[in-house]
Amino acid sequence: MRLFWNGLFQTIFWVWNVTFLLIVGMGILPVIGVPLVLATVAGEIPSEFFLSLVGLVAVPTVCTFLGGFHFRQQPQQLIRLFYGVEAPLFLLCLLRLFLIRELTPGSTQILGTIAICIVAFFLELLFGYVTARKSGLQWLQMLAHSLMLLFGIYASAVLLFYALPLAAFLVQEFLRFDWARGLWHILVSGWWIQGFWYFLLFLILWLLSTALFVIMPLALATLYINSGKRILQAFASQNGKKYAVIGASGIAIAWMTIFIVLQQQPQVQAFSLLANPASNDSTRQALLAKSNTIREGLVNAYLSSYRYLSTREENNHISEMYRGIFGLSQAVANRVQDSYNSLMSPFLYNGSDKDAEKAEKLYAEFFDTPLQKAERQLVSHAVQSTYNRQEVKAGLLNINEKKVWLRSQQIKVTEHGDWADLELYEVYKNQTPEVQEIFYSFSLPESAVITGLWLGDTGDLQKRFPFVVAPRGAAQKVYNSQVRRERPVDPALLEQVGPRQYRLRAFPIPPQAPVLQNVRQQRPTEMHLWLTYKVMRQESGWALPVLGEKRNIFWTHDTKRIRNGKEITLKDELWLEPSLPATGKFQPTLHQVNFPEGHSILVKPLSNKDYSLPQAKRFALVLDSSFSMNSHVKELSQMFAWLEKKGFADKELANNDADLYITASKGAVPKRLDDIGQFKAEKMTFYGTIQPQEMMQQFNQLRAETAYDTVLLITDEGSYELSKDKASKQNRANDIKTTSVPLWMIHLGSLPAAYDDTTLKAIQDSGGGVSQQVSEVLQRVATKAALGTSTVSVIDGYAWQKNPSDTKESQVASQKEDNFQQLAVRQLILGLSQAINLDRLETLDAIHAIAKKYELVTPYSSMLVLVNDEQRRLLKQAEAQSDRFNRKIENGKENLSKPNNPFKVSVNEPSSGWIVGVVAIALLLLSKQKMRFKRYKV
Numbered sequence: 001m002r003l004f005w006n007g008l009f010q011t012i013f014w015v016w017n018v019t020f021l022l023i024v025g026m027g028i029l030p031v032i033g034v035p036l037v038l039a040t041v042a043g044e045i046p047s048e049f050f051l052s053l054v055g056l057v058a059v060p061t062v063c064t065f066l067g068g069f070h071f072r073q074q075p076q077q078l079i080r081l082f083y084g085v086e087a088p089l090f091l092l093c094l095l096r097l098f099l100i101r102e103l104t105p106g107s108t109q110i111l112g113t114i115a116i117c118i119v120a121f122f123l124e125l126l127f128g129y130v131t132a133r134k135s136g137l138q139w140l141q142m143l144a145h146s147l148m149l150l151f152g153i154y155a156s157a158v159l160l161f162y163a164l165p166l167a168a169f170l171v172q173e174f175l176r177f178d179w180a181r182g183l184w185h186i187l188v189s190g191w192w193i194q195g196f197w198y199f200l201l202f203l204i205l206w207l208l209s210t211a212l213f214v215i216m217p218l219a220l221a222t223l224y225i226n227s228g229k230r231i232l233q234a235f236a237s238q239n240g241k242k243y244a245v246i247g248a249s250g251i252a253i254a255w256m257t258i259f260i261v262l263q264q265q266p267q268v269q270a271f272s273l274l275a276n277p278a279s280n281d282s283t284r285q286a287l288l289a290k291s292n293t294i295r296e297g298l299v300n301a302y303l304s305s306y307r308y309l310s311t312r313e314e315n316n317h318i319s320e321m322y323r324g325i326f327g328l329s330q331a332v333a334n335r336v337q338d339s340y341n342s343l344m345s346p347f348l349y350n351g352s353d354k355d356a357e358k359a360e361k362l363y364a365e366f367f368d369t370p371l372q373k374a375e376r377q378l379v380s381h382a383v384q385s386t387y388n389r390q391e392v393k394a395g396l397l398n399i400n401e402k403k404v405w406l407r408s409q410q411i412k413v414t415e416h417g418d419w420a421d422l423e424l425y426e427v428y429k430n431q432t433p434e435v436q437e438i439f440y441s442f443s444l445p446e447s448a449v450i451t452g453l454w455l456g457d458t459g460d461l462q463k464r465f466p467f468v469v470a471p472r473g474a475a476q477k478v479y480n481s482q483v484r485r486e487r488p489v490d491p492a493l494l495e496q497v498g499p500r501q502y503r504l505r506a507f508p509i510p511p512q513a514p515v516l517q518n519v520r521q522q523r524p525t526e527m528h529l530w531l532t533y534k535v536m537r538q539e540s541g542w543a544l545p546v547l548g549e550k551r552n553i554f555w556t557h558d559t560k561r562i563r564n565g566k567e568i569t570l571k572d573e574l575w576l577e578p579s580l581p582a583t584g585k586f587q588p589t590l591h592q593v594n595f596p597e598g599h600s601i602l603v604k605p606l607s608n609k610d611y612s613l614p615q616a617k618r619f620a621l622v623l624d625s626s627f628s629m630n631s632h633v634k635e636l637s638q639m640f641a642w643l644e645k646k647g648f649a650d651k652e653l654a655n656n657d658a659d660l661y662i663t664a665s666k667g668a669v670p671k672r673l674d675d676i677g678q679f680k681a682e683k684m685t686f687y688g689t690i691q692p693q694e695m696m697q698q699f700n701q702l703r704a705e706t707a708y709d710t711v712l713l714i715t716d717e718g719s720y721e722l723s724k725d726k727a728s729k730q731n732r733a734n735d736i737k738t739t740s741v742p743l744w745m746i747h748l749g750s751l752p753a754a755y756d757d758t759t760l761k762a763i764q765d766s767g768g769g770v771s772q773q774v775s776e777v778l779q780r781v782a783t784k785a786a787l788g789t790s791t792v793s794v795i796d797g798y799a800w801q802k803n804p805s806d807t808k809e810s811q812v813a814s815q816k817e818d819n820f821q822q823l824a825v826r827q828l829i830l831g832l833s834q835a836i837n838l839d840r841l842e843t844l845d846a847i848h849a850i851a852k853k854y855e856l857v858t859p860y861s862s863m864l865v866l867v868n869d870e871q872r873r874l875l876k877q878a879e880a881q882s883d884r885f886n887r888k889i890e891n892g893k894e895n896l897s898k899p900n901n902p903f904k905v906s907v908n909e910p911s912s913g914w915i916v917g918v919v920a921i922a923l924l925l926l927s928k929q930k931m932r933f934k935r936y937k938v
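Take 1 as the starting number for the sequence shown in my numbering and just add one per residue.
See below:
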């Protein structure tokens with residue numbers, strides 16, 4: 001009998017391993033081995049995918065050599081090596097490849113325990129019990145094998161849920177002999193003849209693996225329990241039974257305690273805390289104190305499909321499998337499923353598949369920022385752990401991503417006295433195997449104007465693609481329709497999204513040549529982009545674009561930087577320096593430009609004595625109370641201290657006066673303070689989220705009939721991505737009520753990347769603006785008022801005035817300013833927006849016609865680079881639509897594809913059930929992985 005078992009053990013070990021290695025050596029490595037390594041190095045295949053594949057091959061290879069050199073004459077050691085080390089490691093690699101996703105504390109405990117037990121078993125297999133060595137090693141081995149006892153029972157119980165139905169299914173199918181008919185068809189077809197050996201090897205491997213999996217629960221439990229008992233007995237005989245019992249009991253209790261604690265998933269508490277809106281400051285402060293708990297819970301819920309295999313409520317594969325194979329009733333099958341769920345709870349989400357959407361909404365409402373933006377590193381890591389593709393469009397998850405390298409950057413300045421033409425020329429090189437979009441959010445001085453945008457495959461100016469000026473909504477619609485992976489065609493879009501804010505997007509940056517592609521195609525390898533603008537000279541020189549946000553683009557010390565033909569060096573973190581030095585003495589000049597339309601723009605330089613502060617004016621201060629303002633309490637205190645010092649809190653209109661309107665997010669009530677001296681920023685509870693439209697609505701409700709000279713909305717960078725698109729004509733709830741006084745946005749910290757068009761319109765139509773200093777705003781407001789109603793704006797050291805052009809002298813002066821026209825048009829459009837009703841399509845068309853004629857970017861007109869007739873046809877259609885000026889919010893949210901739920905089974909045909917859970921899951925995910933790998937090979 002002993003000879004029989006020894007022979008069986010030898011057969012199991014050598015037949016399975018030799019068969020597997022033959023398949024790998026003859027069929028897999030020769031075909032894809034080298035290309036797979038090269039593709040992984042090139043980034044075409046995720047490294048985790050590659051390492052899992054390597055593990056699948058390495059584990060049987062190492063165990064085969066180990067068995068041949070150390071245990072060739074020891075059959076029992078061979079089977080222990082196979083079932084105690086090789087099989088668990090091989091299964092772990094398979095599960096990591098197809099099932100296991102981003103680790104949670106619960107799943108980390110289970111996988112960590114598996115690793116400890118396998119290592120401890122392997123060391124005991126090689127060296128036995130540590131007898132004549134340090135007592136610390138003996139304790140360590142005893143504790144590890146005590147854990148092995150517990151884990152042997154746990155793992156075997158989980159595997160038994162699959163092994164029993166698999167065994168029953170094999171017996172049922174064998175007795176039906178349906179397999180014989182299928183095998184006969186295969187043999188008759190003859191397709192297997194050319195690959196006879198491959199067919200035979202795969203058949204042997206499949207049959208043997210299936211049979212070995214059936215007995216794996218018993219084998220694993222027997223080997224691990226016996227190994228644990230053997231070490232515990234040896235430890236007890238050497239150190240005493242008392243210490244052995246204490247050690248084994250302690251590790252078991254500790255492991256079980258950790259297991260139970262880690263099953264308390266954080267989203268349960270987070271949803272409970274946010275179940276009802278906080279209606280008072282004490283409740284809000286209590287929630288703010290638990291913000292870390294809330295953040296952890298909401299992120300876990302949002303990423304549940306990337307961290308867990310299934311939800312508890314959707315996991316029905318065990319019950320359906322047992323119903324289909326054993327004919328159990330639904331009630332009994334559900335009890336079996338519940339038992340399985342208890343054991344697998346570290347891998348199951350305690351909630352609903354709808355929780356991700358709920359968590360995303362609650363996160364934005366509580367933290368005043370999109371979840372994908374604030375937690376982009378966690379989200380990106382979770383997405384990568386399942387090999388799911390992100391969208392091709394550069395979204396929030398691509399902020400500061402390093403996918404497209406800025407190979408070179410050149411700036412050329414052409415000076416014209418106190419203003420200049422600047423050209424920015426950049427070359428981009430993709431570092432990934434897929435097409436990418438680059439995204440810049442940047443700002444320029446308010447008086448600057450963008451005058452051109454071009455794309456090219458090379459640096460040849462004659463072959464670059466020119467821009468067109470199109471209505472902002474039409475341009476956005478056409479561009480977004482072209483940003484796709486399939487048949488990508490070069491478009492670029494440049495928009496003005498604030499008084500000084502711009503947004504530049506270009507696509508597609510050509511991908512790297514794929515390593516797995518046999519035929520090299522002649523195609524572009526980089527993208528060239530040119531941008532031109534005009535700017536007024538400042539004391540520091542010529543202002544360069546100030547970067548607000550970048551997506552996918554990055555630069556290094558190897559990036560070539562050239563300024564007016566001379567190469568320079570910049571710090572790696574800088575996109576551009578703040579300004580370039582100008583030549584000659586700074587001497588501001590008077591300019592005048594007349595237009596055929598009957599308008600004239602007069603540009604007058606201002607000296608320090610021309611500026612003033614307001615006198616006897618009344619201001620409304622509208623305070624943003626959202627969560628993100630917590631970071632600016634110190635700045636807010638300093639601002640109110642300055643206002644009090646200047647007399648805004650003494651209730652005497654002679655030296656100005658101000659009323660404070662404290663806005664409120666959902667659940668709270670806004671309030672008005674006529675004495676701003678009562679406000680203490682450090683005692684303010686900043687909570688939730690609120691957008692400028694809502695703040696102004698609350699202000700208009702509380703102000704009643706109070707008249708003001710200027711409205712100052714005090715906020716921070718804000719969350720443009722949380723803004724709502726412009727309301728329809730039937731529902732104008734999100735519109736900002738038109739004010740007859742200027743609306744100014746004062747941003748603490750930094751300027752926002754963009755404004756929604758409703759807010760931008762309210763700022764420009766009212767004659768307001770944006771700033772980061774209240775003193776600057778007050779100075780500009782007072783100076784503009786003192787210069788008269790013809791003054792459009794006071795910016796960058798000049799007063800820009802709009803007057804009728806009907807004198808011969810002005811016409812002569814204007815002829816000398818042809819190159820200056822676009823700077824003047826920028827202010828002309830701003831002045832017209834304050835004078836006419838832009839709610840009507842005809843007036844918007846008139847404004848756009850001016851921008852199109854003089855070729856510049858405005859808040860209403862964008863620049864779009866088109867490269868083919870299809871894009872031109874799409875633009876023509878979009879320009880004919882009545883919504884051509886309706887620009888949608890670019891929230892940057894990526895619609896991530898959720899991984900498949902392998903534990904959810906359709907119950908439309910319960911009689912068939914699952915043939916076997918483990919086989920179905922493997923086949924489903926194997927087919928999915930093949931599709932992914934096929935994608936990498938294209």
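Note that beta-carbon positions come from the ideal geometry of N, C-alpha and C, so glycine has one too. All figures in this text were calculated on a predicted structure; none of them were measured in a lab.
Which residues does DSSP pair with residue i in a beta bridge?
i, result
"Arg-484", "Paired residues: none, contrary to the question."
"Val-865", "Phe-467 and Ala-492"
"Asp-657", "Arg-618"
"Lys-604", "Ala-799"
"Phe-554", "Trp-405"
Here's a check: name, in chain order, each residue in its chain whose Cβ is nearer than 7 Å to the Cβ of residue i, leaving out the five neighbours to either side.
i, result
"Val-24", "Val-57"
"Gln-821", "Val-593 and Tyr-854"
"Pro-948", "The chain is shown from 1 up to 938; residue 948 falls before or after that span and cannot be answered."
"Leu-137", "Val-130"
"Ser-766", "Thr-739, Val-741, Pro-742 and Leu-743"
"Ala-475", "Leu-493, Ser-862 and Leu-864"
So, is residue i buried or exposed, given that buried needs 16 or more other C-beta atoms within 10 angstroms?
i, result
"Val-916", "Because the pLDDT at Val-916 is just 40, under 50, the model does not fix this residue reliably, and the point stays unresolved."
"Trp-5", "exposed"
"Gln-691", "buried"
"Gln-693", "buried"
"Arg-176", "exposed"
"Asn-731", "With a pLDDT of only 43 at Asn-731, under the threshold of 50, the placement of this residue in the model should not be trusted; the figure read from the coordinates follows. Classification of Asn-731: exposed, given that the 10 Å Cβ count is below 16."
"Met-26", "exposed"
Beta-carbon within less than 6 Å of residue i's beta-carbon, same chain only, minus the 5 sequence neighbours each way: which residues are those?
i, result
"Trp-575", "Leu-547"
"Ala-394", "Glu-437, Phe-439, Arg-551 and Asn-552"
"Ala-221", "Gly-152 and Ser-156"
"Gly-892", "Gly-395, Leu-396 and Glu-721"
Skipping 5 residues on each side, what residues in its chain have a beta carbon closer than 8 Å to that of residue i?
i, result
"Pro-910", "Note that Pro-910 scores 39 on pLDDT, short of 50, meaning its location in the model is unreliable; the coordinates nonetheless yield the value given after this. For Pro-910, where only same-chain residues beyond five positions count, the Cβ hits under 8 Å are Glu-320, Arg-323 and Gly-324."
"Ile-568", "Arg-561 and Ile-562"
"Ile-204", "Val-15 and Thr-19"
Legend entry - the stretch 113-122 touching the stretch 142-162, judged by at least three CB pairs closer than 8 Å: By the Cβ rule, the stretch 113-122 counts as touching the stretch 142-162, because three or more pairs are nearer than 8 Å.
Legend entry - alpha helix (DSSP H) runs wholly inside the stretch 274-358, at least 4 long, in chain order: Correct list: 281-289, 291-302, 304-307, 317-326 and 330-343.
Inset, instruction - Identify every run of the alpha helix (DSSP H) within the stretch 379-444, keeping only runs that are complete inside it and at least 4 residues long; order them along the chain. - result: Taking only runs of at least 4 residues, no alpha helix (DSSP H) segment lies wholly in the stretch 379-444.
Legend entry - Within the stretch 103-145, ranges of the alpha helix (DSSP H) (whole runs, at least 4 residues): Counting only runs of 4+ residues, the alpha helix (DSSP H) found wholly inside the stretch 103-145 occupies 105-127, in chain order.
Legend entry - 3-residue-minimum beta strand (DSSP E) runs that sit fully inside the stretch 620-650, ordered along the chain: Listed in chain order, there is nothing to give.
Legend entry - Touch test, the stretch 102-109 against the stretch 72-82, Cβ-Cβ under 8 Å, three pairs minimum: Taking 8 Å as the limit for Cβ pairs, the verdict is that the stretch 72-82 does not touch the stretch 102-109.
Inset, instruction - Taking only runs that begin and end inside the stretch 748-772, name each unbroken beta strand (DSSP E) of 3 or more residues, in chain order. - result: Segments of the beta strand (DSSP E) lying fully in the stretch 748-772: 769-771.
Inset, instruction - Flag this pair as touching only if the stretch 464-480 and the stretch 847-862 have three or more C-beta atom pairs under 8 Å; answer yes or no. - result: A contact between stretches requires three or more CB pairs, one per stretch, nearer than 8 Å, and the stretch 464-480 meets this requirement with the stretch 847-862.
Inset, instruction - For the stretch 633-640 and the stretch 665-672, state whether three or more C-beta atom pairs, one from each stretch, are separated by less than 8 Å. - result: Contact between the stretch 633-640 and the stretch 665-672 is absent, because fewer than three Cβ pairs lie under 8 Å.
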